[in-house]
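**Student:** I have a structure here, written as structure tokens, and I will follow up with some questions on it.
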Amino acid sequence: MREKTIEFNKLSLPFTISDDRWELRLAKSQTRVKDPQQIRMLTGAPEETFVPLEVKEEGDAFTFSFFIDPKKKQWKDLQRLHRHEKLRLLCNLARLNKYLSSRLTFFIHPDNLLFDDNLEPHMIYRGVRNIIPPFEMEEQDFLKQLKCFSIALLSNKYTFDQLYNGGLVKAKDTEFEKKVHQQEDLEQFIDYLQTTFSAEQQKTEKTMKLVPTRRFLLFKRLAISFIIIAVLLAVPLIYIGLVSLPYQHKLLDAHEEYLASNYSEVITTLNGEDAEDLPRATKYILAYSYVSSEQLSENDKNVIMKNISLNSDQDYLLYWIYNGRGDFELAMDKAKYLDDPQLIMYGLIQQYEQAKNDPNLSGAERDETVSNLEDELQQYCEEYNLCEDEENRFDNGTGSEEDLETEESEQPIREEDLPLENTEEEES
Numbered sequence: 318m319r320e321k322t323i324e325f326n327k328l329s330l331p332f333t334i335s336d337d338r339w340e341l342r343l344a345k346s347q348t349r350v351k352d353p354q355q356i357r358m359l360t361g362a363p364e365e366t367f368v369p370l371e372v373k374e375e376g377d378a379f380t381f382s383f384f385i386d387p388k389k390k391q392w393k394d395l396q397r398l399h400r401h402e403k404l405r406l407l408c409n410l411a412r413l414n415k416y417l418s419s420r421l422t423f424f425i426h427p428d429n430l431l432f433d434d435n436l437e438p439h440m441i442y443r444g445v446r447n448i449i450p451p452f453e454m455e456e457q458d459f460l461k462q463l464k465c466f467s468i469a470l471l472s473n474k475y476t477f478d479q480l481y482n483g484g485l486v487k488a489k490d491t492e493f494e495k496k497v498h499q500q501e502d503l504e505q506f507i508d509y510l511q512t513t514f515s516a517e518q519q520k521t522e523k524t525m526k527l528v529p530t531r532r533f534l535l536f537k538r539l540a541i542s543f544i545i546i547a548v549l550l551a552v553p554l555i556y557i558g559l560v561s562l563p564y565q566h567k568l569l570d571a572h573e574e575y576l577a578s579n580y581s582e583v584i585t586t587l588n589g590e591d592a593e594d595l596p597r598a599t600k601y602i603l604a605y606s607y608v609s610s611e612q613l614s615e616n617d618k619n620v621i622m623k624n625i626s627l628n629s630d631q632d633y634l635l636y637w638i639y640n641g642r643g644d645f646e647l648a649m650d651k652a653k654y655l656d657d658p659q660l661i662m663y664g665l666i667q668q669y670e671q672a673k674n675d676p677n678l679s680g681a682e683r684d685e686t687v688s689n690l691e692d693e694l695q696q697y698c699e700e701y702n703l704c705e706d707e708e709n710r711f712d713n714g715t716g717s718e719e720d721l722e723t724e725e726s727e728q729p730i731r732e733e734d735l736p737l738e739n740t741e742e743e744e745s
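See the structure below:
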């Protein structure tokens, strides 16, 4: 149960609503009923236009019971209709003018109307002229109500109540609204509605076609299936076009630069690519390019190059890639995984040089980092008996940077001391 009150002019109608019944209690003082027989004009109204009604006299009031078909369309349902259907509905509603000369009175309001599947109107509340309100229903009243209902139905901007209570004169936004204002006569307005409906109907017949519901549902399912298939096919195509092909082109460009011995271009082309995901051949040319760019003598490079091939351990190649990119922590992880002391010591030396020249470190942080690296390097030197060639490299931190650079450039690297890959792995 719920309640709804229809306010129209000076009339207030409080309804109590259930699924199929609207009940209204109307005080006798609001009516001019002198003989109960006068009520029969309400209950005997044509059911093709007025909903069935039962009236009971209860003390000082009349109880009206309106029997509502829940399948009939209400105002909220009308908003989903197509434009040509709305115009057809308005033409049907306009035919209520035939009751203007009868004893029955009524008023057009969205809450007082229901529509069947043919969009024929069914009036809920009605009165009797000079007996039960509304006491009068003149042609101009009907015209104004019909205009307000028409604009409210075809416009999302105005409500019926806004239009009826003064907004009608301002509603001139669309061509339809302007034409509605120009119709001063009821018959003229009805003719305009008929003409507009006919034109819209012809337009609709050219652009729309009625099909059986079963066929429509089949088409709908097929359309959805095709959309899903198209999306599933589009995803790999988009991936190939936007990700895979550019990536493959980049790999091809890198190999072309490698064949042309443009090692710096190989590095530039593959910059930003995840080294772990690169194909084996690409890892090889990138590691080779980084070693070629290392600040080493040609003899030292040649010794290292002998251990870099397509059959080299992946982690060995990644060590030189990370080292070349300055990712010394990742390079050290690979060196420790390979358990190669020479790779580890070379990585420690690189970290040492990086720490000395890092402008983001404070003096204390730099000294601490350098000291830790020296200690770790010394530990590896002693553990693997490799100190002979490294003991003068750091000079306990007292030598100048220029001295260190001079010593490094003048100190030849012996083949047996260079970071080499496990011989057994290469042979395998």
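Sequential numbering from 318 applies to the sequence shown in this note's numbering.
Where a beta carbon is used, it is the ideal one built from N, C-alpha and C, also for glycine.
Less than 8 Å between CB atoms is the rule here; does Pro331 satisfy it with respect to chain B?
**Tutor:** No chain B appears in the structure shown, which is made up of a single protein chain.
**Student:** For the alpha helix (DSSP H) that Lys495 lies in, which residues bound it at each end?
**Tutor:** Position 178 of the sequence shown, counting from 1, holds the residue named residue 495. From DSSP, the alpha helix (DSSP H) with Lys495 extends over Glu492 to Gln499.
**Student:** Does DSSP put Thr521 in a helix, in a strand, or in coil?
**Tutor:** Here residue 521 is taken as the residue at index 204 of the sequence shown, counted from 1. Helix at Thr521.
**Student:** Tell me whether Lys373 sits in a helix, a strand or coil according to DSSP, three-state version.
**Tutor:** Working through the sequence shown from its first residue, we reach residue 373 at position 56. It is a strand residue.
**Student:** Give me the Cα-Cα distance between Leu690 and Gln671, rounded to the nearest whole angstrom.
**Tutor:** As a working note, residue 690 is residue 373 in the sequence shown. As a working note, residue 671 is residue 354 in the sequence shown. Looking at the two C-alpha atoms, the distance is approximately 11 Å.
**Student:** With distances taken Cα to Cα, identify the nearest neighbour of Pro596 among Leu460, Lys567 and Ile448.
**Tutor:** Position 279 of the sequence shown, counted from the first residue, corresponds to residue 596. Checking every option, the nearest Cα to that of Pro596 belongs to Lys567.
**Student:** Do the region 407 to 416 and the region 338 to 357 meet, that is, are 3 or more Cβ pairs less than 8 Å apart?
**Tutor:** no
**Student:** Mind checking who Met440 pairs with in its DSSP beta bridge?
**Tutor:** For the purposes of this step, residue 440 is taken as the residue at position 123 of the sequence shown. Phe367 and Leu430, per the DSSP bridge assignment.
**Student:** Under 8 Å, with one C-beta from each stretch per pair, do the region 484 to 496 and the region 460 to 472 reach the 3-pair mark?
**Tutor:** yes
**Student:** Between Thr524, Leu417, Tyr575 and Ala577, which has its C-alpha nearest Leu503's C-alpha?
**Tutor:** In the sequence shown, counting from the first residue as 1, residue 503 sits at position 186. Out of Thr524, Leu417, Tyr575 and Ala577, Leu417 has the C-alpha closest to the C-alpha of Leu503.
**Student:** Only counting the same chain, and skipping five residues up and downstream in sequence, which positions put a Cβ closer than 7 Å to that of Leu436?
**Tutor:** Position 119 of the sequence shown, counted from the start, is the residue given in the question as residue 436. Only Glu402, Arg405, Leu406 and Asn409 meet the Cβ criterion.
**Student:** Kindly indicate which three-state DSSP category Ile323 falls into: helix, strand or coil?
**Tutor:** Stepping through the sequence shown from its first residue, residue 323 is reached at position 6. If DSSP states are grouped into helix, strand and coil, Ile323 belongs with the strands.
**Student:** Can you tell me which of the three DSSP states Pro331 falls into?
**Tutor:** Taking the sequence shown and counting its residues from 1, the one referred to as residue 331 is at position 14. Pro331 falls in the strand class under three-state DSSP.
**Student:** If you compare alpha carbons, which of Leu603, Glu646 and Leu613 is closest to Cys625?
**Tutor:** Numbered from 1 along the sequence shown, position 308 holds the residue referred to as residue 625. First, the residue type needs correcting, since residue 625 is Ile and not Cys in the sequence shown. Per the Cα distances, Leu603.
**Student:** Where Leu549 and Ala577 are concerned, what is the direct C-alpha to C-alpha distance, given to the nearest angstrom?
**Tutor:** The count along the sequence shown starts at 1 and reaches residue 549 at position 232. The count along the sequence shown starts at 1 and reaches residue 577 at position 260. Rounded to the nearest angstrom, the two C-alpha atoms are 41 Å apart.
**Student:** By the three-class DSSP mapping on this structure, what secondary structure does Thr348 have?
**Tutor:** Here residue 348 corresponds to residue number 31 of the sequence shown, with the count starting at 1. Coil.
**Student:** Can you pull the DSSP bridge partners for Leu421?
**Tutor:** Sequence index remark: in the sequence shown, residue 421 carries index 104 (1-based). Per DSSP, the beta bridge partners of Leu421 are Val445.
**Student:** Please look up how many angstroms separate the CB atoms of Arg683 and Asp675, rounded, as I've assumed it's under 8 Å.
**Tutor:** Taking the first residue of the sequence shown as 1, we reach residue 683 at position 366. Taking the first residue of the sequence shown as 1, we reach residue 675 at position 358. A Cβ-Cβ separation of about 7 Å places Arg683 in contact with Asp675 under the 8 Å criterion.
**Student:** Jot down the residue ranges of each uninterrupted alpha helix (DSSP H) in the region 576 to 616, minimum 4 residues, whole runs only, in chain order.
**Tutor:** 580 to 586 and 597 to 610
**Student:** Compare the beta carbon distance of Arg420 and Arg446 with 8 Å and say whether it is the shorter of the two.
**Tutor:** Counted from its first residue, the sequence shown places residue 420 at position 103. Counted from its first residue, the sequence shown places residue 446 at position 129. It is a contact, given that the beta carbons lie within the stated cut-off.
**Student:** Per DSSP, which one or two residues make a beta bridge with Ala378?
**Tutor:** Numbered from its first residue, the sequence shown carries residue 378 at position 61. In DSSP, Ala378 forms a bridge with Ala344 and Glu375.
**Student:** Buried or exposed: Asp712, going by 16 or more other Cβ atoms within 10 Å of its Cβ?
**Tutor:** Counting from 1 along the sequence shown, the entry for residue 712 is found at position 395. Summary for Asp712: the model assigns pLDDT 39, below 50, so the residue's position carries little reliability; its value from the coordinates is reported in the next sentence. Label assigned to Asp712: exposed.
**Student:** Helix, strand or coil, according to DSSP, for Thr723 in the structure here?
**Tutor:** Sequence index remark: in the sequence shown, residue 723 carries index 406 (1-based). In this predicted model, Thr723 has a pLDDT of only 39, less than 50, meaning its place in the structure is not dependable enough to derive any value.
**Student:** Does the beta-carbon of His439 have 16 or more other beta-carbons within 10 angstroms, so that it is buried, or is it exposed?
**Tutor:** Residue 439 sits at position 122 when you count from the first residue of the sequence shown. Answer is buried; the Cβ neighbour count reaches 16.
**Student:** Using 8 Å for Cβ pairs, my map puts Asn482 next to Ile323. What's the rounded Cβ distance?
**Tutor:** By one-based count along the sequence shown, residue 482 stands at place 165. By one-based count along the sequence shown, residue 323 stands at place 6. Between the beta-carbon of Asn482 and that of Ile323 there is about 14 Å, and that puts the pair past the 8 Å contact cut.
**Student:** If you reduce the DSSP assignment to three classes, tell me which class Phe477 lands in.
**Tutor:** Translated into the one-based positions of the sequence shown, residue 477 becomes position 160. Looking at Phe477 - three-state DSSP - the assignment turns out to be helix.
**Student:** Can you check which of these residues, Glu646, Tyr601 and Thr585, is closest to Ile666 by C-alpha distance?
**Tutor:** One-based indexing of the sequence shown puts residue 666 at position 349. When only C-alpha atoms are compared, the closest one is Glu646.
**Student:** Reducing DSSP to helix, strand and coil, say where Phe645 ends up.
**Tutor:** Indexing the sequence shown from 1 puts residue 645 at position 328. Helix.
**Student:** In whole angstroms, what is the alpha-carbon distance linking Asp632 and Leu613?
**Tutor:** As a position in the sequence shown, residue 632 is number 315, starting the count at 1. As a position in the sequence shown, residue 613 is number 296, starting the count at 1. Approximately 21 Å between the Cα atoms of the pair.
**Student:** Assuming Ile448 contacts Arg349 (C-beta within less than 8 Å), just tell me the rounded distance between them.
**Tutor:** Counted from its first residue, the sequence shown places residue 448 at position 131. Counted from its first residue, the sequence shown places residue 349 at position 32. Correct: roughly 5 Å between the Cβ atoms.
**Student:** Just confirm the distance between the C-beta atoms of Tyr697 and Met662, as a whole number of angstroms; I'd bet it's less than 8 Å.
**Tutor:** Taking the first residue of the sequence shown as position 1, residue 697 is located at position 380. Taking the first residue of the sequence shown as position 1, residue 662 is located at position 345. Their Cβ separation, rounded to whole angstroms, is 5 Å, which keeps Tyr697 and Met662 in contact under 8 Å.
**Student:** Quick check on Lys390: does DSSP put it in helix, strand or coil?
**Tutor:** As a working note, residue 390 is residue 73 in the sequence shown. Three-state DSSP puts Lys390 in a strand.
**Student:** With Ser606 and Tyr575 assumed to form a contact (beta carbons below 8 Å), what rounded beta-carbon distance in angstroms separates them?
**Tutor:** Indexing the sequence shown from 1 puts residue 606 at position 289. Indexing the sequence shown from 1 puts residue 575 at position 258. About 7 Å separates the beta carbons of Ser606 and Tyr575, which is inside the 8 Å limit, making them a contact pair.
**Student:** Could you check the C-alpha separation between Glu455 and Pro331 for me, to the nearest Å?
**Tutor:** Taking the first residue of the sequence shown as position 1, residue 455 is located at position 138. Taking the first residue of the sequence shown as position 1, residue 331 is located at position 14. If you take the alpha carbons of Glu455 and Pro331, they lie about 24 Å apart.
**Student:** Between Leu460 and Phe506, is the Cβ-Cβ spacing less than 8 Å?
**Tutor:** As a position in the sequence shown, residue 460 is number 143, starting the count at 1. As a position in the sequence shown, residue 506 is number 189, starting the count at 1. Closer than 8 Å, so yes.
**Student:** List the whole-angstrom C-beta distance separating Phe383 from Ile425, where the pair is believed to meet the contact cut-off of C-beta under 8 Å.
**Tutor:** Locating residue 383 in the sequence shown gives position 66, counting from the first residue. Locating residue 425 in the sequence shown gives position 108, counting from the first residue. Wrong, their Cβ atoms sit about 17 Å apart, outside the cutoff.
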